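**Student:**
4 protein chains.
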Amino acid sequence: MSVSVRGGDSRSRAPERARAATRARLRAGARRLFAERGLHAVTSHDIAEAAGVAAGTFYLHFRDKHELFRELVFEALAELERRIDVSVHPLIGQPEPAARARAEVLLGFAEDHGELVRMAFGRGSEAASVGADALDHMVARLEPDHGAARAQALVGMWARIVTWWAESPGRAPRETVLQTMIDLQLSGVR
Amino acid sequence: MSVSVRGGDSRSRAPERARAATRARLRAGARRLFAERGLHAVTSHDIAEAAGVAAGTFYLHFRDKHELFRELVFEALAELERRIDVSVHPLIGQPEPAARARAEVLLGFAEDHGELVRMAFGRGSEAASVGADALDHMVARLEPDHGAARAQALVGMWARIVTWWAESPGRAPRETVLQTMIDLQLSGVR
Amino acid sequence: MSVSVRGGDSRSRAPERARAATRARLRAGARRLFAERGLHAVTSHDIAEAAGVAAGTFYLHFRDKHELFRELVFEALAELERRIDVSVHPLIGQPEPAARARAEVLLGFAEDHGELVRMAFGRGSEAASVGADALDHMVARLEPDHGAARAQALVGMWARIVTWWAESPGRAPRETVLQTMIDLQLSGVR
Amino acid sequence: MSVSVRGGDSRSRAPERARAATRARLRAGARRLFAERGLHAVTSHDIAEAAGVAAGTFYLHFRDKHELFRELVFEALAELERRIDVSVHPLIGQPEPAARARAEVLLGFAEDHGELVRMAFGRGSEAASVGADALDHMVARLEPDHGAARAQALVGMWARIVTWWAESPGRAPRETVLQTMIDLQLSGVR
DNA sequence: AATGAATGAGGGTTCATTCAT
DNA sequence: TATGAATGAACCCTCATTCAT
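In order, the protein sequence lines correspond to chains A, B, C and D. Under numbering that gives the first Met the number 0, the very last position in the first sequence is 189; numbers go up by exactly one each time. Under numbering that gives the first Met the number 0, the very last position in the second sequence is 189; numbers go up by exactly one each time. Under numbering that gives the first Met the number 0, the very last position in the third sequence is 189; numbers go up by exactly one each time. Under numbering that gives the first Met the number 0, the very last position in the fourth sequence is 189; numbers go up by exactly one each time.
1) Could you give the uninterrupted runs of the alpha helix (DSSP H) lying entirely in the stretch 10-86 of chain B, keeping only those of 4 residues or more?
2) Could you check whether residue 91(C) and residue 97(C) sit closer than 8 angstroms to each other, using their CB atoms as the reference points?
3) What residues in the stretch 156-170 of chain B have a beta carbon less than 7 angstroms from any beta carbon of chain A?
4) So, helix, strand or coil for residue 112(B), using DSSP?
5) So, under 8 angstroms CB-CB, residue 106(D) and residue 177(D) are touching, yes? Tell me the CB distance rounded to an integer number of Å.
6) Return yes when the Cβ of residue 52(A) is within less than 8 angstroms of the Cβ of residue 130(A), no when it is not.
7) Using a Cβ-Cβ cut-off of 8 angstroms (strictly less than) and excluding sequence neighbours within five positions of residue 104(D), which residues of its own chain qualify?
8) How about residue 147(B): is its C-beta nearer than 8 angstroms to some C-beta of chain A?
9) Using the Cβ count rule (16 or more neighbours within 10 Å means buried), how would you classify residue 55(B)?
10) Any beta-carbon of chain B closer than 8 angstroms to the one on residue 154(A)?
11) Decide if the stretch 164-182 of chain B is in contact with the stretch 12-23 of chain B; the criterion is three or more beta carbon pairs, one per stretch, under 8 angstroms apart.
12) Can you grab the Cα-Cα spacing for the pair residue 151(A) / residue 36(A), in whole Å?
13) For residue 151(A), return the contacting residues in chain B, with the cut-off set at a CB-CB distance below 7 angstroms.
14) Would you give the residue range spanned by the alpha helix (DSSP H) that residue 155(B) belongs to?
15) Which of the residues in the stretch 105-120 of chain C, read from start to end, lie with their CB under 9 angstroms from any CB of chain D?
16) I need the DSSP call for residue 181(B), collapsed to helix, strand or coil.
17) What are the residues in the stretch 31-49 of chain A lying within 9 angstroms of chain B by C-beta distance?
18) Under the three-state reduction of DSSP, which class applies to residue 170(A): helix, strand or coil?
19) Please report whether the beta-carbon of residue 63(A) lies at a distance below 8 angstroms from any beta-carbon of chain B.
20) Applying the 10 Å Cβ sphere with the 16-neighbour rule, what's the burial state of residue 162(B)?
21) Considering only residues of the same chain and omitting the five flanking positions on each side of residue 134(A), which have a CB-CB separation below 7 angstroms?
22) Would you say residue 180(D) faces chain C, with C-beta separation under 8 angstroms as the test?
23) Below 8 angstroms on the Cβ atoms is my guess for residue 34(A) versus residue 118(A); work out the distance and round it to an integer in Å.
24) So, helix, strand or coil for residue 107(A), using DSSP?
25) Residues in the same chain with beta-carbon distance under 6 angstroms from residue 89(A), minus the five sequence neighbours each way, listed in chain order, please.
26) Return the CA-CA distance between residue 57(A) and residue 120(A), expressed in angstroms with no decimal places.
27) So which residues of chain D does residue 176(C) contact, with C-beta pairs closer than 8 angstroms?
28) Less than 8 angstroms between the beta carbons of residue 173(B) and residue 115(B), yes or no?
29) Measuring CA to CA, which of 110(C), 137(C), 102(C), 42(C) is closest to residue 77(C)?
30) Please decide whether residue 185(D) counts as near chain C, where near means a Cβ-Cβ distance under 8 angstroms.
31) On the three-state DSSP scale, how would you describe residue 92(C)?
32) Our contact map puts residue 171(B) next to residue 112(B) with C-beta atoms below 8 angstroms; I'd like the distance itself, whole angstroms only.
33) Leaving out the 5 sequence neighbours to the left and right, which residues in its chain are closer than 8 angstroms to residue 156(C) when beta-carbon positions are compared?
34) Nearest to residue 24(C) by alpha carbon, out of 147(C), 50(C), 43(C)?
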């Protein structure tokens with residue numbers, strides 16, 4: 000009949016929560032460092048230090064630097080796709096509103112997650128292989144509707160413009176950027 | 000077979016020529032290796048070995064790996080710009096022919112220098128910082144005519160489509176790719 | 000299903016029994032792993048995992064990996080000596096039956112405890128220091144009767160042949176092996 | 000017609016000789032350290048330090064610690080076999096002289112190369128896998144003449160007695176040790 | 001100009017061990 | 001008693017770079 004002083008299964012939940020917190024700190028530190036310096040210039044020690052844990056702790060949570068990087072990039076991509084599903088898909092059949100919605104989502108994403116965008120696609124990212132996987136993923140989603148060549152072109156354009164915007168929003172009027180994206184997306188479709 | 004003639008200025012020219020030959024072999028080896036494996040996965044020893052010289056010799060010709068990489072990338076860019084100057088500039092004032100000419104130059108360049116394109120922009124390139132410098136350079140040339148946003152978008156599109164084409168030409172009909180590039184370039188201009 | 004009865008001394012015995020069970024599981028897991036991979040290639044985590052307990056639990060039962068290893072080896076040795084006391088000692092004064100009995104015990108031990116034999120003396124054991132302690136122990140028991148040199152020789156021969164037999168019994172007819180051991184043991188004694 | 004001031008190909012021979020000297024120093028240092036502490040307790044840094052070179056230099060000469068260890072052990076074995084070929088083989092057909100000659104070679108080898116013997120087979124060697132390969136090699140040479148079981152037994156006996164002798168020659172009269180080895184080798188052969 | 005042995009900092013990774021819960 | 005997250009020392013190994021020849 001032994002009733003624990005603490006409630007329920009708190010004994011097992013506490014370390015679980017501590018683990019999650021450590022993991023979160025590692026992710027946060029990594030995100031900042033990757034965005035600042037690029038994958039190659041950040042060591043697992045740096046990340047551990049940024050998270051305030053010992054070097055070895057890193058490896059209790061991630062196999063290696065690349066796994067963490069990949070995880071962060073693909074999570075960002077997943078969120079981007081969620082936003083597109085929500086905002087763009089309902090507008091199928093209305094090219095102009097859809098194009099505008101898509102441009103809005105992309106720009107908004109860059110504004111909300113500049114750090115992640117710079118991390119994955121920015122200069123010095125040296126992460127081309129992961130960033131490229133992410134872009135390939137986007138291309139694959141567009142190919143059925145646009146064909147291979149056009150899908151490649153659109154994704155290239157978006158990646159570049161979104162990165163540019165994430166690096167220094169305000170270098171051009173927001174509306175101009177939006178309109179550029181919309182024009183390009185609609186071109187050749189009419 | 001090299002018999003020292005001792006006539007004219009050959010005394011000074013011979014080593015000079017030998018030096019240039021060594022340098023050329025280093026460049027050729029580096030180009031091949033960078034394209035195959037990316038900047039990060041190639042060591043200065045690898046390049047020296049590919050060129051058939053000793054490890055230390057590399058440093059008699061280049062400050063380091065990055066300098067050589069940068070040199071190769073910017074040379075390629077210079078040639079690309081030369082081709083554009085020759086083929087596109089004379090068509091100023093005729094948007095459609097100019098757009099087609101530009102698309103032709105870009106695709107032709109990818110076909111002639113696939114190795115360099117893959118090296119600078121391909122997946123796993125890890126050379127984003129140099130590749131990005133090269134693209135920034137292209138953006139700067141376009142900005143006066145197209146505005147910042149559109150220049151970014153066009154360059155992103157070209158970089159992506161040209162890399163894709165260099166990696167596997169023939170994945171789509173050449174004419175389709177060309178037409179896609181032309182449409183996007185002309186969009187919003189009318 | 001464990002309902003605390005609170006009768007007799009069960010209050011103190013229950014945890015005691017649980018502790019012993021955990022310890023036994025750790026020993027069993029270690030024995031298997033050591034035999035498979037050798038001391039060096041097995042971590043304390045591996046052993047804990049094989050026993051189905053947490054990593055830290057290992058250290059509540061053993062000071063470290065080496066202590067556990069040593070314990071297992073010397074226990075095996077103790078059993079071997081028990082068997083020899085039972086089967087060989089009564090035959091003192093009858094060299095041939097004694098030699099045969101000893102060979103039988105050694106071979107039988109290898110058959111019954113192949114795992115332990117491989118663990119202590121097998122290839123890749125890396126445990127020479129513990130295995131050697133065990134063998135030194137056997138040498139010490141033989142020295143009074145056989146002299147140092149002969150004791151060393153006999154123990155070396157036994158260790159090697161027993162390990163070989165444990166690794167693949169049946170590579171030679173059992174009777175041949177027995178006879179070889181007997182001949183060698185009796186040689187020079189007549 | 001350029002005649003080098005130094006003779007012949009001295010320019011190419013000098014570094015070659017330096018390399019060989021470094022390699023020799025690494026081998027010598029490793030031999031001493033392995034004999035003292037065993038494979039596992041010696042690091043590549045230790046060996047480099049003992050040889051008076053930088054840590055990385057070790058890897059210019061050996062793939063890793065195990066390769067060096069194996070190289071040293073098998074070289075010793077090769078020399079031992081050379082000695083046996085010279086001293087024992089000519090006596091085929093004369094069991095007693097051959098047995099004595101073999102015992103002499105084994106003991107003499109232990110005396111001349113105590114360091115190597117301790118390294119390969121001594122306590123704490125942790126090198127069972129390499130030492131065992133070496134012993135397997137000896138077993139294979141004996142099997143045709145002696146059968147598997149007897150070959151195993153003889154090799155086990157030799158390894159143990161030779162190691163014991165290498166560790167402390169003089170613990171028993173040399174002649175006693177020799178005679179013990181001879182008796183055991185001849186037993187059952189008559 | 002070329003060689004190539006050597007350097008040594010520094011990154012990745014493991015794992016025995018501790019300790020708060 | 002048991003847990004398991006965390007520690008951090010220590011190892012292995014690579015590679016850009018130097019320098020005596």
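Built from N, CA and C at the ideal position, the CB exists for glycine as well. Remember, predicted model here, so these are calculated numbers, not experimental data.
**Tutor:** So, to answer that:
1) 43-50, 57-60, 64-86
2) yes
3) 156, 158, 159, 160, 163, 170
4) coil
5) 6 angstroms
6) no
7) 79, 82, 83, 86, 87
8) yes
9) exposed
10) yes
11) no
12) 27 angstroms
13) 159, 160, 163
14) 147-166
15) 120
16) helix
17) 37, 38, 39
18) coil
19) no
20) buried
21) 154, 158
22) yes
23) 4 angstroms
24) helix
25) none
26) 24 angstroms
27) 148
28) no
29) 137(C)
30) yes
31) coil
32) Not a contact, Cβ separation roughly 20 angstroms.
33) 180, 183
34) 50(C)
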